[in-house]
Structures are given as structure tokens and as C-alpha cells.
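K.L.:
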Ligand SMILES: Nc1ncnc2c1ncn2[C@@H]1O[C@H](COP(=O)(O)OP(=O)(O)OP(=O)(O)O)[C@@H](O)[C@H]1O
Ligand SMILES: [Mg+2]
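Residue numbers (this note's numbering), protein chains in the order written: chain A, 7 to 315; chain B, 1070 to 1417; chain C, 789 to 1129.
Take a look at the structure:
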């Protein structure tokens, strides 16, 4: 098990290194200079700036510096945003994004499980149909469209929640819903399919033959068996939340990573773009490793084969 | 007369499907005596599982009991509510399923799986229940049960899993045990072990068994009485000896003929396929495959003709007016053996 | 159980062969896999309706090409700006040229002195361009993006998967590592990075989506190829010395067809979403060019006062997404052997 973990971590680091390398050279291909008010700057000023940021060195030297810096947690300096270190920019914003992401994940998975299992238990009834319709719509309506609609009708018209900005919990409700509907729909579909399979399985029939009540069967046997595979979806959900945060944070003016990322993109602030890209990949890779480990822990079948292999 | 603990009368079950009503069980009657083993034999699709599921109250959603009754201690199980059935299932009537590889919950310790019926029906706390689970595990022959009780199903072989399934069924000492092809999915040596185990446990636990199989060979050593099913009907029933050595229905002949014996290695499969249960024939359902079919078979369903006090068969061949036919050699041989046996018992 | 038994003199005569109840009726003609799937798809109402919607959208979007001139589409006509929908002969508020301003319905067409015979079915945007035309054009862009993404899915994705699965060993390991690296960055982030390097616009979006979209397809194809590789008919073809290309075209691709079709149906809505997303945040296609994302972005700015400018493109986008998702689900159910019972 330890060997397996070490191997996985090694590949993880290797992957991140390659991602860093590729993004670095990609950014070097980017047209234009990275300074915002470049029209007003003289050639000389640009020279000075280049000197200051080390942009006049050969590319390979810049690369080595970048990689070494990254090992020390130094992601360079943002040209656009008052010369802050990228690592500071990110760390000051990560809290909001993480909170929003976690809330959206919990919201989506929790209600998804409920909707999905109720649908499976009442298969081929109107309840099932309704939940299928809900999840298809949830999957199809782009989150930014939903966000704009929620913002206008719930916040502006009804005034139930703040329109934008980041304060207490009430500020998080609408963005959480907008961001969480995708995972909710996906979870509901996944759980429904899984649980229908499980409910048709022989061991559920045996459980019925034991005389267990309907609730007992669902609670003790069906739920666990159909929820365990859900762990594999955490990776894709993380992707969805990272991507979603880019637009949702923007719409609700939340000072998070995604909003920063979009801002940086629009002004060619490539140290920040690279920093956020690295952060996203590191987060994603770590989550995937984590879910693999968790899956091994909660599914007894994998637990055994894992310890043998 | 021996006590009947289960009495199935005129059971008819339809399944609603897109293609129409599948008339899966058509007027089936049989009974189970206390302490005996009744084997129900028939080829795939003859309705064995549907019959047993109706006893358990586990019929699929699209099933409809058209008529009939299932009396258990003079109470009609078909009239009981789901809640009442839950209190009978697993406690008074238990069931063993065909495929041990899929009938255990892969994510639950087997200790808990065995203990569940005790917790439900005997209201034991978890510790007590696990203790009894441990005992029954030893009884069904799981070695090292103290350790194995914490294992998950995938850590057991097929034969061991079937032992566990049997343990689950027997843990509440049920009066009736229904075993639906309990050995079909196992290889031959394991089959024999499981059958021995069941016989052994039957005497220890004093339970009556309905033993479902499509393999007549298994029946000989297991059952006291045999009912032969075909296309949703019982077409012949009697004691084991009567069915094996004095069979009267051509379908039973076919079944016995298709059984490997020591004397002949040639297997005679019954030609043709069973009728479509969406639209069952009005006469004898076996007529189309019956080499001895007569005109009346196509027109009228044969009633049961009495062969002995315990032996009945539904075939027009037993009608006094029917011509005498010569069954296959193997059956003739068996008849002769039967006559010899009976003569010996008369001499004694 | 005494039943009435009617016996005739010939009742016990042997049953003639011709009279025997022939139950070996001719079974339903066996269908090919595709026909079978098609039959099952047809039973799925949602999928059939979706198929129709998709077909209608395709016909309208591409059929409009001769009528909707892109040059006139980007030209602004300020005198017609922000007109609500007006459909001649319809008197429902909101579709008769009236707009709710401060709680009252006002005839915007009269207010702005629009000629009597001039009308816009879905109104106009802030530059006076017909919203209906822009939406149709935007739908076309979405469909083109989807089409191209599908194309790359079918070429790069399928080929990559087959090669990886077929070669196995070292090649497979390396190819899988490459996929792993690509998928350790969220697809949309890859697309964004690509867009920064290329110059924004339609071509770049398509390239960027192409680079990131094929990995799922490649993974699934690889897994299936691995299992097909050991199937007997493939082994036979290999021992007979058929060339790998021929084997893959003749034996693999037909067997992979269901996976390919299902996966494609999931690539399409993803691609449509990507385009809308990128244009919405302002790094994809941007005004005055047209796409559904651009329309949403424009509409969002005026949403408070002119909600129709966002609603119409939003509805079209959602319907498009729902239709493709439902069709995808229908196809999956129709093709998935697991649901074949
Ligand atoms: N849920 C159902 N819906 C429709 N038809 C059903 C259903 N369950 C059983 N049947 C039909 O009822 C008939 C009897 O099935 P059953 O499972 O009892 O056969 P069996 O004798 O147990 O066969 P096997 O030896 O294969 O287990 C079959 O023709 C089957 O198609
Ligand atoms: Mg059966």
C-alpha cells in the first residue's frame, strides 16, 4: 500500500512538473507584452520593466528560475495587480473559492442523492419522471444562465438574498445553488441508475426474503452499495466547480480564484494565469489521488485487492 | 394423516408485459407435509421460481395473482399484508437462492448479514445476534468461523458462500425452507457437499423443505415426494419411488430419459420447446412435443388420473379408453424394477 | 375436481402431424444491432422529440445561410435599438411591440417612429440588430463548433484510443500518461490557455476545444479495444495476417460504434457549452461577431430592463442542450447492452 502511494505521489509530481513546463512555454508564445498600459510606455520604460521582472533573460533561464521559484512556493509577481506576488494574490482569494466550492459540492451531492434514490425507489412513477426531468434540465441549463436568472429574480426582484459581493452566509446561497446544480443533476442521475441496478440485484431479494422492511432494505443495503461508486465522481465535480467558479464568481462579484483568473486572462497577466492553472491542476490531481484512496477504504472489495497488489 | 403445513390451491399467476399477459402459473395445487422434502422439478421457464416467490410474497411488481390460495397453518398467505409477510419471511418461511455469488451484499460483513434476521425477528441485540450467527456458521461448516465472521463475501468461495446463504436462511429455525436451485451454480463436488449439508441440517433443525431443481438426478437422494412442472402446471406428482420408477406422464418419461444413468451414456433430450405462455394451448400443453399425443390432447386439458393414493398424473394416456403405448426402453426398465420392488415388499 | 369430459369416438386416435400444435412458429425476424437500437430509440419519446428538435435547428440554422448576411448582421442600426418582439397579428403583450416600462406597457415601435411595416419577430438588441437573425446565426455557430468537436473526437479520439489499446505495452503506457497529463488540467482551462496564445475567434475556439475534447473518447475506446483485442474473431484476423489498419476498420470500429455514438452525443453539448461559456466571459467570440454566448453576454447587461434580450438566446441554448442530452441518453439506453433484456 505504501509503495503504491509513493508511486502515485511520484507521478503526481511529475504530472504537475510537466503541466508547469507546458504552461510556461505556452505563455511565452503569448502575443503582446504583459503590461497593462503599454501604449503609454516608451521603449525605454518597457526595457526597465523587462529588466525588473527578468524578462530580458534567455527563455531557458526564465524557465529555470520559474521552476525553482515554484518549488519554494514563489509563483512570480503579477504585473497587473499592484505588483503583488501571485502566491499572495491566490492565498488571499482561495478561502472564498474553497468555501463556495465545498458548499456547492455538498449541496449538489446531498440533494442529488435524495432525488436520485427517491426516483429509483419509485421507479417508473411520476416521481421518477419528475426527477429525471429535473436532472436533465439541471444538466443542460448552463450555470451562468442560471446564475443570472437567480440573481435577477431571487435577489433583485424578491430581495431574498444579496445581489452580489461576499459577506456572510446569505451571500453564498445563490452562487452555491448556481454552482451546485450541475453536480446535483449528475449525482441524481448516477444514483438513480446505480440504485435501480442494486434494487434489482439478488442480494436485495435475499434481504427481502429475510423479512426486512422496505426502509431497512434501502437503508442497510441499497444506499451503501449505490453510493460507494459516487466517490469516483468527485474528480469530475472538482473540475466542474473550478470551471464554474470562473463565471459564477464573476457574476456575483465574489473575490475568489475564478474571478481573479478571468480578470487576469482579460489583461494578459500571465504569472497569475500560470499560478492559477498550477493551483487548479494541483488541486485536481490531489483530489483524484484522495478519491482513489477513499474508494479503497470504503469499498471492501477494492480494499482487499489493493493490499494484495 | 400427516400434518400439512403448506397447502397451495388452484394458484394462477399472470405477468403483465408489453407483449400481453404471460400466464406463468396455471392452476397449480400442491402441499407440503411436516418434516418432508418436496422436490419441484421442471425445465427452465416452467414456473418453479414464480411458484416459490408467490409463497414468499416476493412476486415482481407486474405479477398478478389471478386466483388461488396458499394456506400456511390455515392462514392464506396471499391475503396477508406486506407488513405481515415481513414477519413471516425469514422467520417461518425462509429461502435459499440460486446464485451464491450474487446473493450476498458485497459491502456488508457476513456476520451482520447472518445476524440481520435475528435482530429483525427475535429482537436480539447486536452482540447476541452475532453470537448466534457464529454458532450457525459453525453448524453450516465454515471453518475458523470466529475470524471469518468479520469477512466480506468476496473473501469466500462459491461453496462457502452458499453455506452462508443457508446459514442466513436457517438462523431463525424456519418451519419451511424453500431452496430454489441451490446447487445449480456450483460445481459437482461442491453440489454434493451442499446437498449433504442440507439433509443433515434438516434433521437437526426439523424443517420442511421445498426443493426446486431442473435436475432430476439431484432429487433422488434429497426428496420424499416429487412434483413435476411443465409450462406453468404440475403434470405429475408422487413419492420419489413412484416418480422415478413408475412414471406415467410422457413428459416425466422424457425427463428421466434425458438423465444420465450408469447403464446408458446416451442422453435423450426432449425435442421441441415449451408453449408460449402468452397464449397457452387449450389442450394438453405438452401435446406438441409428445410422441404419443392423441386427438383429445389438442382439445381438452387432461385431468389428474389417480395412480395410487400418493401418485397422480395429468395425461390422457391414463384414461381407460386410451390405447396402451410402449414408453422408451429406459422407462420400461424402470417399470420392471418398480414391479420387482413392490413384489419384494409384498413378500415381506 | 370432476370436470366435464367430452369424449368422441376418435378422441384417442393419434394426433396427426399436421394437426399437431405447431409451436415452433417463425420467430420475429432477427434484427441487426443497429436496427435493433433504432427500434428501441423510437420507443423513447424524449429522444424522438429531441431528434426532431435537433433536426429542425440544424435545418433552420444552416438553411438560413443565404438569407442572413453576416455583414448586415454586425452592422448597427441605432434607430431600431432595443425594440421588443413584434409579430404581426399577435396581440399578446410582449409580442406586439409593447414593452413594460415602469409597470406600464408602452408601444416602443410607435415611440421610436418605426415604419408601420417594419417588425422584428424577437425584437432587436441594443444596436438595433434583429435578435431572431442573430440567434439563428448564433445557433449555427454553436452547431458548427459542436460538429468540429465531434469531428476531432471521431478522428483523434478514436484513433488514439485504438492505437493505445491495440499496441499495448510501452506505447500504451506513454499514451495513457499523456492523457493523464492533459486531464490533470480542467479542459476549460486548457481552452482558455490556448485562446490566449491563438487570436480570439471562431477558429481558435474550435482548435482549443479540439485539443481538449478527445481525451474521454480516447480512454473509452482504449478500454473497449483492449477487451476486443482478445476476442476470437479479432485473434483469427490477426493470425491470418490482416493488416492492423484493416482489422481496426473491419472488426474494431463496427464493434466500437455504440461507444462512439454515445460518447459523441456527450461531446456535442459540452462543446456548445464551452463556446457559450467562453464568449460569455469575454474571451471567445466577441461582439460584434455573433454567437449564443455573445448574445447572452450582451443580453445580461440589459437584463434588468430588457429581459427578453437574454431570455431568447438562453431558451434557445437550453433547448439545444436539453435536446442533445436527451438524445444522448436515449442513444445510450438504446445501445447499452446492459439495458438489453
Ligand atoms: N417479472 C416477470 N415478468 C414477465 N414474465 C415473467 C416474470 N417472471 C417470470 N416470468 C415468466 O414466468 C415463467 C416462469 O418463470 P420462472 O422463473 O418461474 O421459471 P423457472 O421454472 O424458475 O425457470 P428456471 O429454471 O430458469 O429458474 C417464464 O416464462 C418467465 O418468462
Ligand atoms: Mg428459477
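Each residue gets a CB set at the ideal place from its N, CA and C atoms; glycine is no exception.
1. Looking at the C-beta of residue 97 of chain A, does it have a partner C-beta in chain B at a distance below 8 Å?
2. So which residues of chain C does residue 158 of chain A contact, with C-beta pairs closer than 8 Å?
3. Report the residues of the stretch 197 to 231 of chain A with a CB closer than 9 Å to any CB of chain B, ordered along the chain.
4. Just verifying my parser: in three-state terms, what is the DSSP assignment at residue 1255 of chain B?
5. Taking only beta-carbon positions, decide if residue 1362 of chain B is within less than 8 Å of chain C.
6. Please state the DSSP three-state secondary structure of residue 1194 of chain B.
7. With a threshold of 16 other CB atoms inside 10 Å of the CB of residue 888 of chain C, please say whether the residue is buried or exposed.
8. Just to check, is the beta-carbon of residue 1117 of chain B closer than 7 Å to a non-hydrogen atom of ligand 1?
9. Using a Cβ cut-off of 8 Å (strictly closer), state whether residue 36 of chain A contacts chain C.
10. Going by other Cβ atoms of all chains shown within 10 Å of its Cβ, with 16 needed for buried, is residue 814 of chain C buried or exposed?
11. Counting only beta-carbon atoms, is residue 974 of chain C nearer than 8 Å to chain A?
12. Residues of chain B with CB closer than 9 Å to the CB of residue 119 of chain A, please, in chain order.
13. Please list, in chain order, all residues of the same chain as residue 12 of chain A whose beta carbon is under 8 Å from its beta carbon, the five residues on each side excluded.
14. When the Cα atoms are used, what is the spatial distance from residue 1349 of chain B to residue 1379 of chain B?
15. Out of C:965, C:851, C:956, C:978, point me to the one whose CA is closest to residue 1012 of chain C's CA.
16. Does the Cβ of residue 1132 of chain B lie closer than 7 Å to at least one heavy atom of ligand 1?
17. Would you check if the distance between the CB atom of residue 1070 of chain C and the CB atom of residue 180 of chain A is smaller than 8 Å?
18. Residue 16 of chain A to residue 291 of chain A, Cα distance in whole Å?
19. Would you check whether ligand 1 has a heavy atom nearer than 7 Å to the C-beta of residue 1126 of chain B?
20. Compute the beta-carbon to beta-carbon distance between residue 1373 of chain B and residue 1388 of chain B, rounded to the nearest angstrom, for a pair I have assumed lies under 8 Å.
21. Distance check for residue 1371 of chain B and residue 1357 of chain B, CA to CA, integer angstroms please.
22. Relative to ligand 1, is the shortest distance from any of its heavy atoms to the C-beta of residue 1113 of chain B smaller than 7 Å?
23. If residue 1179 of chain B and residue 1218 of chain B are in contact, beta carbons under 8 Å, what's the gap, nearest whole angstrom?
24. Check whether chain B comes within 8 Å of residue 2 of chain A, counting only Cβ atoms and requiring the distance to be less than that.
25. For residue 149 of chain A versus residue 254 of chain A, is the C-beta spacing smaller than 8 Å?
26. So which residues of chain C does residue 19 of chain A contact, with C-beta pairs closer than 7 Å?
27. Go through its chain and collect everything with a Cβ distance to residue 1292 of chain B's Cβ below 7 Å, but skip five positions before and after it.
28. Please classify residue 225 of chain A as buried or exposed, where buried requires at least 16 neighbouring CB atoms within 10 angstroms.
29. Tell me where the alpha helix (DSSP H) around residue 1387 of chain B begins and ends.
30. In the DSSP assignment, what residue or residues form a beta bridge with residue 1144 of chain B?
31. Nearest chain C C-beta to residue 287 of chain A closer than 8 Å, yes or no?
32. Tell me whether residue 1165 of chain B sits in a helix, a strand or coil according to DSSP, three-state version.
33. Considering residue 848 of chain C, what are the terminal residues of the alpha helix (DSSP H) in which it resides?
34. Quick check on the DSSP output: the alpha helix (DSSP H) that includes residue 269 of chain A runs from which residue to which?
35. Taking only heavy atoms of ligand 1 into account, decide whether any of them is closer than 7 Å to the Cβ of residue 1297 of chain B.
36. What are the residues that DSSP puts in a beta bridge with residue 1302 of chain B?
P.N.:
From the atom records:
1. With 8 Å as the cut-off, residue 97 of chain A does not count as an interface residue toward chain B.
2. Ordered by position in chain C, the residues that pass the 8 Å Cβ test against residue 158 of chain A are 1091, 1092, 1095.
3. Against chain B - using a Cβ distance shorter than 9 Å - the residues of the stretch 197 to 231 of chain A are 207, 208, 209, 210, 211, 212, 213, 214, 215, 216, 217, 218, 219, 220, 222, 226, 227, 230, 231.
4. If DSSP states are grouped into helix, strand and coil, residue 1255 of chain B belongs with coil.
5. Cβ-Cβ to chain C under 8 Å: yes for residue 1362 of chain B.
6. In the three-state reduction of the DSSP assignment, residue 1194 of chain B falls in the coil class, being assigned neither a helical nor a strand state.
7. So residue 888 of chain C ends up on the exposed side.
8. Proximity of the beta carbon of residue 1117 of chain B to ligand 1 is indicated: a heavy atom of the ligand is located closer than 7 Å.
9. Yes, because at least one Cβ of chain C sits closer than 8 Å to the Cβ of residue 36 of chain A.
10. Reliability of the predicted coordinates at residue 814 of chain C is poor, the pLDDT of 46 falling under 50, and the value obtained from them is presented with this limitation in mind. Per the 10 Å Cβ criterion, exposed.
11. Interface residue, yes.
12. Ordered by position in chain B, no residue passes the 9 Å Cβ test against residue 119 of chain A, which lies about 16 Å from the chain.
13. Same-chain partners within the cutoff: there are none.
14. Distance between the alpha carbons of residue 1349 of chain B and residue 1379 of chain B: 28 Å.
15. Of the candidates C:965, C:851, C:956, C:978, the one whose C-alpha sits nearest the C-alpha of residue 1012 of chain C is C:956.
16. For residue 1132 of chain B, the Cβ falls inside the 7 Å cut-off from some heavy atom of ligand 1.
17. No, they are not a contact pair.
18. Just so you know, the alpha carbons of residue 16 of chain A and residue 291 of chain A end up roughly 12 Å apart.
19. It does not: the Cβ of residue 1126 of chain B is nowhere closer than 7 Å to a heavy atom of ligand 1.
20. Actually they do not touch by this definition, with Cβ atoms about 12 Å apart.
21. Whole-angstrom Cα-Cα distance: 14 Å.
22. The answer is yes for residue 1113 of chain B.
23. Sure, about 7 Å apart at Cβ, within 8 Å.
24. Limits of chain A in this structure are 7 at one end and 315 at the other, which puts residue 2 of chain A out of reach.
25. With respect to the 8 Å criterion, residue 149 of chain A and residue 254 of chain A are classified as neighbours on the basis of their beta carbons.
26. What residue 19 of chain A touches in chain C: nothing, since even the nearest Cβ is about 11 Å away.
27. 1106, 1107, 1108, 1280, 1309, listed in sequence order.
28. Within 10 angstroms of the beta-carbon of residue 225 of chain A lie fewer than 16 other beta-carbons, which makes it exposed.
29. Per DSSP, residue 1387 of chain B lies in no alpha helix (DSSP H) segment and is marked neither H nor E.
30. Answer is B:1141.
31. Yes, contact with chain C.
32. Residue state, collapsed to three classes: strand.
33. First-last of the alpha helix (DSSP H) with residue 848 of chain C: 833 to 851.
34. DSSP places residue 269 of chain A in the uninterrupted alpha helix (DSSP H) bounded by 263 to 272.
35. No - ligand 1 has no heavy atom lying nearer than 7 Å to the Cβ of residue 1297 of chain B.
36. Answer is B:1299, bridged to residue 1302 of chain B.
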